[in-house]
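Below: one structure, written as structure tokens.
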Amino acid sequence: MFEEKISRLREELCHLGAEGAVLTHQENVYYATGFESVMDGWRLPEPISGVYIPSSESEPIVLLLPEASLISLLVAEREGCPVHFQALKTFDLLNFCVMARSEDLYLKLEEKAGERLTHFSGLVEGECEPDIVSALSAMLKKRSSQQKLILFDDLRIGFKLNQSLEQHYEDAFDMLFRVRAIKTKQEIEVFRESGVKADRVMEYTVAELGEGKIWAQIEKSVARFMIDEDINPLPSSPMLFGGTYDMAFKPDLFRTLFKERLESGQVVILETQGQYKKVWIDINRTAHIGCANEAYREQHKMVKSCFDAVAENLKPGQNTAEICEKVRSTLAKDLDSPGKLLLIIHSIGAFPLENPVMFPSTGLGATKGFDIKSSMILSFDCLYFGSKLGPSHMENVFEITQSGSQSLYRYPLELIEV
4 MFEEKISRLR EELCHLGAEG AVLTHQENVY YATGFESVMD GWRLPEPISG
54 VYIPSSESEP IVLLLPEASL ISLLVAEREG CPVHFQALKT FDLLNFCVMA
104 RSEDLYLKLE EKAGERLTHF SGLVEGECEP DIVSALSAML KKRSSQQKLI
154 LFDDLRIGFK LNQSLEQHYE DAFDMLFRVR AIKTKQEIEV FRESGVKADR
204 VMEYTVAELG EGKIWAQIEK SVARFMIDED INPLPSSPML FGGTYDMAFK
254 PDLFRTLFKE RLESGQVVIL ETQGQYKKVW IDINRTAHIG CANEAYREQH
304 KMVKSCFDAV AENLKPGQNT AEICEKVRST LAKDLDSPGK LLLIIHSIGA
354 FPLENPVMFP STGLGATKGF DIKSSMILSF DCLYFGSKLG PSHMENVFEI
404 TQSGSQSLYR YPLELIEV
């Protein structure tokens with residue numbers, strides 16, 4: 004898996020005329036090497052690990068990590084998740100490494116552990132540097148790459164190295180998203196597992212709904228269930244959207260705090276999100292508290308027909324924006340407020356949105372879409388915000404095959420009435 008990723012990254016680097024790439028965002032370090040730190044959960048604004056990927060296969064891939072974290076490489080091996088690299092560069096993290104270097108007369112490592120740590124120590128280039136920027140500076144200076152283009156996923160790092168080394172630097176993320184849009188077989192398998200998890204979460208969520216139930220308590224209950232399923236729920240609430248109350252949709256983009264009891268006639272949007280094994284779950288269904296009237300049921304069927312029409316055309320060679328526009332200009336016209344139907348297809352992975360388009364990729368320019376390719380994992384949002392009868396939302400994640408696509412989620416799209 005990692006060999007395939009590195010090969011594609013190197014192809015992009017050569018195409019761009021770059022000497023290499025320095026990746027320090029934790030998601031990118033994990034993507035390229037499999038390295039992760041228990042401190043990643045802190046979401047620090049500056050990196051505590053990194054990887055240098057040279058464009059040339061003759062140069063080693065260098066993992067940068069705190070010296071005290073060398074032991075984590077052994078732990079990863081024992082857990083069956085070895086980290087992939089060819090050389091190491093270490094630096095200090097606060098005073099943890101100073102403490103780790105201090106002599107402990109009572110410490111006794113088992114023979115095999117000692118051998119592996121000695122092996123890792125032998126892969127370290129030079130001395131332990133005082134911080135990650137100094138470590139990168141020493142590493143790049145050794146390679147005489149200052150006047151050559153290096154791509155960085157953190158331009159603060161690039162800027163600091165430009166100040167100290169006059170390093171030529173540019174942004175790496177456009178290149179990264181092009182590479183990451185095409186998934187490896189192993190990544191696709193994890194997404195398939197996440198689909199089973201998503202269906203279980205939706206099944207549990209629907210079972211929690213009902214007249215008189217308190218929405219805030221449902222959110223907490225679903226979050227607990229997700230954690231038990233090894234899913235990290237979206238912070239604050241696993242639900243991105245709330246629902247409609249008194250027929251007024253209150254999104255707050257889109258986190259509405261609602262502690263009242265659900266009443267008959269209310270619509271509840273179940274856009275449930277979280278991360279499973281580093282990939283995002285993004286499932287969405289619509290529920291109606293009590294029996295819905297025929298007009299609302301018919302509206303939901305119309306929205307589903309729009310969804311199905313787009314889904315049928317999720318195949319290699321199609322453009323995501325063109326698929327949506329065809330439906331928007333035909334089937335969607337039958338809705339009460341056609342302009343209130345939001346149709347968008349986006350790539351999904353370590354982030355909920357990581358489209359293979361140029362930065363900025365979350366503005367209106369992103370609606371121009373991109374060409375679909377085999378082995379992509381795409382999320383399709385079909386969200387109707389009409390206020391006459393209330394909203395109808397649905398969303399699935401799809402695996403793009405060589406000739407078409409298949410939904411990773413099996414929970415029915417039909418209106419849920421509870």
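Numbering-wise (our numbering), the sequence shown opens with residue 4 and increments by one.
Glycine included, each C-beta is placed from N, C-alpha and C at the ideal position.
In this text, all values refer to a predicted model and were calculated from it rather than measured experimentally.
Look at the alpha carbon of residue 271 and the alpha carbon of residue 35, and state the distance between them as a whole number of angstroms. A direct Cα-Cα distance of roughly 39 Å separates residue 271 from residue 35.
Just to confirm, are residue 296 and residue 374 a CB contact at a threshold of 8 Å? Result no, Cβ atoms of residue 296 and residue 374 do not sit closer than 8 Å.
C-alpha gap between residue 415 and residue 319, whole angstroms: Looking at the two C-alpha atoms, the distance is approximately 25 Å.
How close, in whole Å, do the beta carbons of residue 279 and residue 351 come, if the pair is a contact with beta carbons under 8 Å? 12 Å between Cβ atoms; not a contact.
Counting along the chain, where does the alpha helix (DSSP H) carrying residue 188 start and finish? For residue 188, the enclosing alpha helix (DSSP H) stretches over residues 188-211.
Which term fits residue 309, buried or exposed, when burial requires 16 or more other beta carbons within 10 angstroms of its beta carbon? By the 10 Å Cβ count, residue 309 comes out buried.
Looking at the structure shown, is residue 3 part of a helix, part of a strand, or coil, going by DSSP? Lying before the first or after the last residue shown, residue 3 is absent from the chain, which here runs from 4 to 421.
Under 8 Å, do residue 286 and residue 421 count as touching if we go by C-beta distance? The Cβ atoms of residue 286 and residue 421 lie no closer than 8 Å to each other.
Which of helix, strand or coil DSSP assigns to residue 379: Residue 379: strand per DSSP, three-state reduction.
What are the complete alpha helix (DSSP H) segments, minimum 4 residues, inside the stretch 312-381? Within the stretch 312-381, the complete alpha helix (DSSP H) segments of 4 residues or longer fall at 323-331, listed in chain order.
For residue 275, list the residues DSSP reports as bridge partners. DSSP links residue 275 through a beta bridge to 242, 286.
Going by CA-CA distance only, name the one from 212, 188, 171 that's closest to residue 403. Ranking 212, 188, 171 by Cα distance to residue 403 puts 188 first.
When you compare only the Cα positions, how much space is there between residue 359 and residue 118? One alpha carbon belongs to residue 359, the other to residue 118, and they sit about 43 Å apart.
Within the continuous alpha helix (DSSP H) that includes residue 92, where are the two ends? Annotation: residue 92 is outside any alpha helix (DSSP H); the continuous beta strand (DSSP E) that includes it extends over 90-94.
Note the first and the last residue of the continuous beta strand (DSSP E) segment covering residue 396. Its beta strand (DSSP E) spans residues 395-403.
Nonlocal neighbours in the same chain, by C-beta distance under 6 Å from residue 90, ignoring five residues either side: Leaving aside the five residues that flank residue 90 on each side, the residues in its chain whose CB is nearer than 6 Å to its CB run, in chain order, 63, 65, 126, 128.
To which residues does DSSP link residue 53 through a beta bridge? DSSP, once it has assigned bridges, lists 67 as partnering residue 53.
First and last residue of the alpha helix (DSSP H) that includes residue 234? Per DSSP, residue 234 belongs to no alpha helix (DSSP H); it is in the beta strand (DSSP E), 234-236.
On the three-state DSSP scale, how would you describe residue 46? Of the three classes helix, strand and coil, the one that applies to residue 46 here is coil, per DSSP.
Specify whether the stretch 171-183 and the stretch 42-58 touch according to this definition: at least 3 beta carbon pairs, one from each stretch, less than 8 Å apart. Verdict: no, contact absent.
Buried versus exposed, by CB contacts within 10 Å (16 or more), residue 398: By the 10 Å Cβ count, residue 398 comes out buried.
Determine the direct distance from the alpha carbon of residue 238 to that of residue 255, and round the result to whole angstroms. With a pLDDT of 41 at residue 255, under the threshold of 50, the modelled position of this residue cannot be trusted; read the value that follows with caution. Inter-residue distance for residue 255 and residue 238 is about 15 Å (C-alpha atoms, whole angstroms).
Pick helix, strand or coil for residue 131, following the three-state DSSP scheme. Secondary structure at residue 131: coil, using DSSP grouped into helix, strand and coil.
Can you find the residues in the same chain that come closer than 6 Å, C-beta to C-beta, to residue 11, ignoring five residues on each side of it along the sequence? The answer, listed in chain order, is 182.
Minimum C-alpha distance to residue 8 - residue among 163, 22, 32: Taking only the C-alpha atoms, the option nearest residue 8 is 32.
From 282, 265, 71, residue whose alpha carbon lies closest to that of residue 124: The option with the nearest alpha carbon to residue 124 is 71.
For residue 204 and residue 408, I'd like the C-alpha separation in whole angstroms. The straight-line gap from Cα to Cα measures roughly 23 Å.
Beta bridge counterpart(s) of residue 385 as assigned by DSSP: DSSP output for residue 385 lists 346, 397 as bridge partner(s).
Considering only their Cβ atoms, is the gap separating residue 120 from residue 67 smaller than 8 Å? Contact flag unset, no.
In angstroms, rounded to a whole number, what distance separates the CA positions of residue 384 and residue 400? Cα atoms of residue 384 and residue 400: separation of roughly 9 Å, rounded to the nearest angstrom.
Would residue 371 be called buried (16 or more neighbouring beta carbons within 10 Å of its own) or exposed? Exposed, by the Cβ-count rule.
Indicate whether residue 231 and residue 412 have their beta-carbon atoms separated by less than 8 Å. No, these two residues do not count as a Cβ contact at 8 Å.
I'd like to know whether the C-beta atoms of residue 388 and residue 336 end up nearer to each other than 8 Å. Result no, Cβ atoms of residue 388 and residue 336 do not sit closer than 8 Å.
Going by DSSP in three states, residue 298 sits in which element: helix, strand or coil? Helix, per DSSP.
Pick from 130, 194, 135 that is closest to residue 54, judged by C-alpha positions: Proximity to residue 54 across 130, 194, 135 peaks at 135, based on C-alpha coordinates.
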